[in-house]
Amino acid sequence: MAKTILVVDDDPMNLKMADFILKKASYEVILAASGSECLDKLKENSVDLVLLDIEMPQMSGIQTLEQIRAEGSFADLRVVFLSASGEASDMQKADSLGAMDYVKKPFLPPALLECVEKALNK
1455 MAKTILVVDD
1465 DPMNLKMADF
1475 ILKKASYEVI
1485 LAASGSECLD
1495 KLKENSVDLV
1505 LLDIEMPQMS
1515 GIQTLEQIRA
1525 EGSFADLRVV
1535 FLSASGEASD
1545 MQKADSLGAM
1555 DYVKKPFLPP
1565 ALLECVEKAL
1575 NK
C-alpha cells in the first residue's frame, strides 16, 4: 500500500511540483494551501508524512506544527519542513517540535525524494 504524504505550501507552483514528483514515485498525495487547511486535511485523512512550508500567511508552518503537536492523535506525526529561508530561529523551533528534516526550496526531485524516504523509514 502506498504511503500518503500531505504537502502544505501557499505557493501553487510548489504544490504542483511536489505533487508531480511524489506521484511519479508512487506516493499518494494530498495538497493543502494553508496551515488551517492542513489541520482540516489531517482530521479527514490518514497520512504518513507532512511536508510543511515554514513561511505562509495567516498561520506559519511553525504555528501549524505547534497545533499538530497539541492534538493528541497527531503528536507522533512525521513532519519535514520545506523552507526557502534558513533562519536559525525557525530551525531551532522546528527541531524542538520534532521536525524530522528540512528540504531547501526550490527543491530538486532527488533531494525531495531522498528526504521523504529517510523520514518514512525512521
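Take 1455 as the starting number for the sequence shown in our numbering and just add one per residue.
We put the CB at the ideal spot given by N, CA and C, even for glycine.
- Assigned with DSSP and collapsed to three states, residue 1482 falls in strand.
- Within a 10 Å sphere around the beta-carbon of residue 1499 sit fewer than 16 other beta-carbons, which makes this residue exposed.
- At a cut-off of 3 residues, the continuous stretches assigned as beta strand (DSSP E) that sit fully inside the segment 1519 to 1552 are 1533 to 1537.
- By alpha-carbon distance to residue 1459, the top candidate from 1480, 1465 and 1466 is 1480.
- Residue burial is scored here from C-beta neighbours: residue 1467 has fewer than 16 other C-beta atoms within 10 angstroms and is therefore classed as exposed.
- Secondary structure at residue 1502: coil, using DSSP grouped into helix, strand and coil.
- Scanning 1573, 1491 and 1464 for the CA closest to the CA of residue 1553 turns up 1573.
- Residues of the same chain with a CB within less than 6 Å of the CB of residue 1532, apart from the 5 flanking positions on each side, are 1503, 1554 and 1573 in chain order.
- Between residue 1520 and the set 1492, 1478 and 1556, the nearest pair of CA atoms involves 1492.
- By the neighbour-count definition (other C-beta atoms within 10 Å, threshold 16), residue 1538 is an exposed residue.
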